[in-house]
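So the sequences go chain by chain: A and B.
Following our numbering, the numbering of the first sequence begins with 1 at its first residue and continues without gaps.
Following our numbering, the numbering of the second sequence begins with 116 at its first residue and continues without gaps.
Worksheet: one structure, shown below.
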Amino acid sequence: GNSVTQMEGPVTLSEEAFLTINCTYTATGYPSLFWYVQYPGEGLQLLLKATKADDKGSNKGFEATYRKETTSFHLEKGSVQVSDSAVYFCALSALLSGGSYIPTFGRGTSLIVHP
Amino acid sequence: EPEVTQTPSHQVTQMGQEVILRCVPISNHLYFYWYRQILGQKVEFLVSFYNNEISEKSEIFDDQFSVERPDGSNFTLKIRSTKLEDSAMYFCASRYTTGSVTEAFFGQGTRLTVV
Numbered sequence: 001g002n003s004v005t006q007m008e009g010p011v012t013l014s015e016e017a018f019l020t021i022n023c024t025y026t027a028t029g030y031p032s033l034f035w036y037v038q039y040p041g042e043g044l045q046l047l048l049k050a051t052k053a054d055d056k057g058s059n060k061g062f063e064a065t066y067r068k069e070t071t072s073f074h075l076e077k078g079s080v081q082v083s084d085s086a087v088y089f090c091a092l093s094a095l096l097s098g099g100s101y102i103p104t105f106g107r108g109t110s111l112i113v114h115p
Numbered sequence: 116e117p118e119v120t121q122t123p124s125h126q127v128t129q130m131g132q133e134v135i136l137r138c139v140p141i142s143n144h145l146y147f148y149w150y151r152q153i154l155g156q157k158v159e160f161l162v163s164f165y166n167n168e169i170s171e172k173s174e175i176f177d178d179q180f181s182v183e184r185p186d187g188s189n190f191t192l193k194i195r196s197t198k199l200e201d202s203a204m205y206f207c208a209s210r211y212t213t214g215s216v217t218e219a220f221f222g223q224g225t226r227l228t229v230v
C-alpha cells in the first residue's frame, strides 16, 4: 500500500541554520507529494506541493524536489527562523484500490528553532 | 480566504458516551474526509465521503463510527460508544476534486479526550 516515512524528531536548530527533513514514500502509480505544517494549537496547513517527477515545490523559503528515482521529497530551508517552529508532515496522494485518491501522511517531524 | 471549520475545539467525554464532532467544509468542495492523530503518532485516514455516501474507509473506521452530511453545509463524525483509545485529535478535510494533484484543506482539529 501507500506509505510515507519521515525522519524522527524533534529537530532542534539555532536560528539561521540550514534545515533538512527527510521524507521517502512508497506508492502505486504516480503520486502527488505534499508538505503540510502544523503550528502549535492550529490545524494542518499546506506548505508546498509537487505533482510530478523533478518538480520543485516552494513556499516561504521552504522547498522540496520530487525525486522519483529515490522516491524522496526532502524538505529544505536555507535559514530557519524561530517562527518556523512547528510539526511538519510529508504526505502523498495516490490512487487506491477503490479508485479514489486519499492523502496519506507520515508521522510528522517536530522542528524547534532557538534564538 | 475560505477555510474548513471544526467544532468544538476540545471535547471531554466519559467512556461509553456518544460524541459528535462537527465540521463545515469549504462551500464548493465535493470530497470530505476525517482523519485522526493520536498524540505523537501519524495522521491516520478514517473515512472519505462523496455524493452523500462513504467512498473509502480504513480499518480503523469500524461500526463504532459513522459519518453524515445532515444538511448542505455540515459534515459530522459520530462515535457511538467511546473508548479510552479514541482519545486523539480529529481533523476534518475537504477537497474540490479527488485527483491526485489537488490538495486537501484541513480544519484546526477537535481534541477528543475520553476519560
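A virtual CB, placed ideally from N, CA and C, is assigned to each residue, including glycine.
Bear in mind that the values here come from a model prediction, so they are computed numbers and not experimental data.
Residues sharing a beta bridge with residue i, DSSP
i      : result
F176/B : Partner(s): none; F176/B has no beta bridge.
G57/A  : A64/A
I135/B : K193/B
L44/A  : Q38/A
Q6/A   : C23/A
Q121/B : C138/B
Q152/B : V158/B and M204/B
Run of the beta strand (DSSP E) containing residue i, from where it starts to where it stops
i      : result
P103/A : Y101 to F105
S32/A  : S32 to Q38
Q126/B : H125 to T128
S93/A  : A86 to L95
V229/B : T225 to V229
R184/B : No beta strand (DSSP E) contains R184/B, which DSSP labels as neither H nor E.
I112/A : T109 to H114
L13/A  : V11 to S14
Proximal chain B residues relative to residue i, where beta-carbon distance stays under 7 Å
i      : result
S100/A : S163, S170, E171 and T213
G43/A  : F206, F221, G222, Q223 and G224
Under 9 Å from the C-beta of residue i: neighbouring residues of chain B
i      : result
L111/A : Near L111/A there are no residues of chain B at all, since even the closest Cβ is about 15 Å away, more than 9 Å.
K60/A  : None at all; the shortest Cβ gap to chain B is about 16 Å.
F73/A  : Near F73/A there are no residues of chain B at all, since even the closest Cβ is about 14 Å away, more than 9 Å.
F89/A  : K157 and V158
C-alpha distance - residue i paired with residue j, whole-angstrom precision
i      : j      : result
S173/B : Q223/B : 22 Å
S163/B : G78/A  : 37 Å
T120/B : C138/B : 6 Å
K157/B : L92/A  : 13 Å
A50/A  : E76/A  : 14 Å
Y30/A  : Y101/A : 11 Å
R226/B : S124/B : 6 Å
N59/A  : C90/A  : 15 Å
T24/A  : V229/B : 34 Å
Chain A contact residues for residue i, given Cβ-Cβ distances below 7 Å
i      : result
K157/B : F105, G106, R107 and G108
E218/B : F34, L46 and K49
Interface residues of chain A facing residue i [CB-CB closer than 9 Å]
i      : result
F160/B : I102, P103, T104 and F105
Next item on the list: Kindly confirm or deny that the stretch 37-56 of chain A and the stretch 15-23 of chain A touch, where touching means at least three C-beta pairs closer than 8 Å.
Entry: At 8 Å Cβ cutoff, the stretches do not touch.
Notebook entry, point to check: On the three-pair Cβ rule with 8 Å, is the stretch 64-71 of chain A touching the stretch 80-89 of chain A?
Noted result: No contact exists between the stretch 64-71 of chain A and the stretch 80-89 of chain A.
Margin query: With three or more beta-carbon pairs closer than 8 Å as the criterion, would you say the stretch 186-199 of chain B touches the stretch 130-137 of chain B?
Written below: yes
Checklist line | Meets three-Cβ-pair contact criterion under 8 Å: the stretch 174-189 of chain B and the stretch 105-113 of chain A | finding: With a cut-off of 8 Å, the stretch 105-113 of chain A and the stretch 174-189 of chain B do not count as touching, because too few Cβ pairs lie within range.
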